[in-house]
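Single-structure report; data block below.
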Amino acid sequence: MTPLHPIYQAARDDQAYVVGLRRALHRAPELSYRERDTAALIQHELDRLGIPWVAVGEFGVVATVTGRHEDAVIVLRADMDALPIQEGNRHLPYCSGVDGVMHACGHDGHVAMLLAAGKQLMQCRDQLDGAVKLCFQQAEEQGGGTAEILAHLAAFPVVGAFAIHLWSEIEIGRISTRAGPCMAACDNFEIVIEGVGCHGANPHRGVDPIVAAASLVGNVSSMMAREIDPAHAAALTFGKLQSGHAGNVIPSQAVLAGSIRTTHLADQLQLHAGLRRVVEHTAATFRASARLDIRRGGAMLVNGAESSALATGCVAELFGPAQVIDFPPLMVSENFGDFLACYPGLMALVGAGNAAVGAAYPHHHPQFNIDEEALPRGVALHVLYATRALAAAGG
1 MTPLHPIYQA ARDDQAYVVG LRRALHRAPE LSYRERDTAA LIQHELDRLG IPWVAVGEFG
61 VVATVTGRHE DAVIVLRADM DALPIQEGNR HLPYCSGVDG VMHACGHDGH VAMLLAAGKQ
121 LMQCRDQLDG AVKLCFQQAE EQGGGTAEIL AHLAAFPVVG AFAIHLWSEI EIGRISTRAG
181 PCMAACDNFE IVIEGVGCHG ANPHRGVDPI VAAASLVGNV SSMMAREIDP AHAAALTFGK
241 LQSGHAGNVI PSQAVLAGSI RTTHLADQLQ LHAGLRRVVE HTAATFRASA RLDIRRGGAM
301 LVNGAESSAL ATGCVAELFG PAQVIDFPPL MVSENFGDFL ACYPGLMALV GAGNAAVGAA
361 YPHHHPQFNI DEEALPRGVA LHVLYATRAL AAAGG
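First residue of the sequence shown: 1, per our numbering; consecutive thereafter.
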């Protein structure tokens with residue numbers, strides 16, 4: 001039997017530690033901007049490990065493992081917030097103990113892996129050609145938490161950033177480190193169509209915003225089909241259409257809301273401009289008026305080619321080249337893209353799916369769970385990537 005890589009073996013030896021952390025976090029989830037106890041747990045554990053830290057923003061935490069010098073810094077990041085979902089895994093001994101709140105996206109595992117990686121990096125810090133910043137980010141699910149950490153990091157010689165997202169739709173053992181788009185940009189929009197209300201028996205006396213709204217949805221779908229390269233991953237979807245209170249009254253207003261998801265900057269700009277054009281002209285066709293508000297969300301998460309090559313080599317070294325897969329871009333968004341807009345780096349997707357242990361549900365599902373065998377894999381990848389990235393920066 002081939003012996004395990006020493007870094008992976010050390011992570012496996014510490015599996016009870018990382019699993020225990022993950023389960024403690026899973027039992028006590030906290031929503032975005034409310035991660036007080038989560039931050040306290042992180043700070044307490046960092047103190048126990050002897051890793052200095054500072055609070056950044058309200059609940060963000062940045063810790064530092066210093067190696068032989070501080071001339072180069074690599075950033076490792078984990079998000080910490082949970083979701084407003086009632087957990088459906090009542091059979092689990094570590095099921096959420098907070099009504100209506102659940103770690104349904106793996107952030108509990110992300111925090112646990114980064115703490116365990118910090119523990120291992122402290123044990124080998126005399127081999128590090130620089131320093132490692134362990135960044136625990138609040139409010140990712142609400143698109144927050146990055147600005148404060150990036151402002152803090154601006155004072156340091158950061159050479160790259162790395163993050164791991166546990167992914168339940170990738171089978172356990174497989175890891176994606178592909179270059180290029182990894183997750184989409186997500187912009188949210190709201191459209192308010194103003195008409196003139198009237199009795200349903202006399203529609204000619206009013207201006208019907210519902211008809212304009214219905215036509216708008218169809219026109220936008222046609223725009224997507226004819227103006228965006230079908231080879232590009234992009235989506236514009238409506239999730240809300242509200243209007244009126246009675247079946248026999250034409251209302252004066254209709255409100256629509258949705259999201260734009262893109263993996264190419266040119267497509268993002270095209271869809272912003274195209275949506276404005278279609279909204280304006282569709283409303284005018286029906287004698288209505290409309291206003292559109294587009295709120296920029298998370299940036300596109302685009303993995304750098306050099307960072308991808310480095311991470312791919314790390315996965316192959318740790319687990320064998322057969323474990324590297326080329327997973328297609330995801331249309332969900334993740335604001336680690338804000339880090340990659342400032343620094344070279346990537347987000348790796350670590351497989352955590354395994355139907356045999358009940359980890360067979362997608363993210364944000366009430367029965368979401370992970371195969372905890374993925375945790376030591378993530379720990380080892382954090383440690384080796386940071387070590388190799390600092391060595392490359394020094395060379």
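Just so you know, even glycine gets a beta-carbon here, dropped at the ideal spot from N, CA and C.
Cα-Cα separation between residue i and residue j, rounded to whole angstroms
i: I325; j: V255; result: 42 Å
i: L390; j: L21; result: 27 Å
i: P84; j: L41; result: 21 Å
i: D371; j: L275; result: 41 Å
i: L330; j: R36; result: 30 Å
i: V196; j: R261; result: 33 Å
i: Q127; j: K133; result: 16 Å
i: A151; j: L46; result: 22 Å
i: L381; j: P321; result: 14 Å
i: A225; j: V279; result: 16 Å
i: N89; j: Q367; result: 6 Å
i: A341; j: N303; result: 10 Å
i: V332; j: R205; result: 44 Å
i: S430; j: F319; result: Within the shown structure, residues of the chain are numbered from 1 to 395, placing residue 430 beyond reach of any answer.
i: N202; j: S215; result: 21 Å
i: T387; j: P328; result: 27 Å
i: L265; j: L271; result: 10 Å
i: A155; j: I149; result: 11 Å
i: A104; j: E141; result: 11 Å
i: Q15; j: M122; result: 17 Å
i: Q242; j: A305; result: 44 Å
i: L25; j: A185; result: 28 Å
i: R23; j: C124; result: 26 Å
i: A393; j: V159; result: 7 Å
Assumed close pair residue i, residue j - CB separation to whole angstroms, cut-off 8 Å
i: G244; j: I210; result: 7 Å
i: T146; j: M80; result: Actually they do not touch by this definition, with Cβ atoms about 13 Å apart.
i: A179; j: F339; result: About 16 Å separates the two Cβ atoms, so there is no contact after all.
i: I164; j: A348; result: 5 Å
i: H110; j: A78; result: 4 Å
i: G144; j: Y33; result: 7 Å
Beta-ladder partner(s) of residue i, from DSSP
i: N354; result: A359
i: N188; result: S259, R295
i: V73; result: A131, V158
i: D79; result: Q137
i: A374; result: Beta-bridge pairing links A374 to no other residue.
i: S289; result: E194
i: N303; result: G180
i: G118; result: In DSSP, G118 forms no bridge with anything.
i: E171; result: G353
i: L241; result: L256
i: T64; result: K133
i: G345; result: A161
Check whether residue i and residue j have beta carbons under 8 Å apart
i: D293; j: E169; result: no
i: C135; j: L49; result: no
i: V18; j: L375; result: yes
i: A234; j: D267; result: yes
i: E194; j: A284; result: no
i: V192; j: A288; result: no
i: D71; j: P157; result: yes
i: N369; j: A355; result: no
i: M300; j: T263; result: yes
i: M113; j: G337; result: no
Environment of residue i [buried if 16+ CB atoms lie within 10 Å]
i: V379; result: buried
i: D108; result: buried
i: H69; result: exposed
i: K119; result: buried
i: V101; result: buried
i: G97; result: exposed
i: R377; result: buried
i: Q9; result: exposed
i: Q138; result: buried
i: G247; result: exposed
i: L346; result: buried
i: D129; result: buried
Check: residue i C-beta below 7 Å from any heavy atom of the ligand NAP
i: D79; result: Ligands are entirely absent from the displayed structure, and the ligand NAP is therefore not among its contents.
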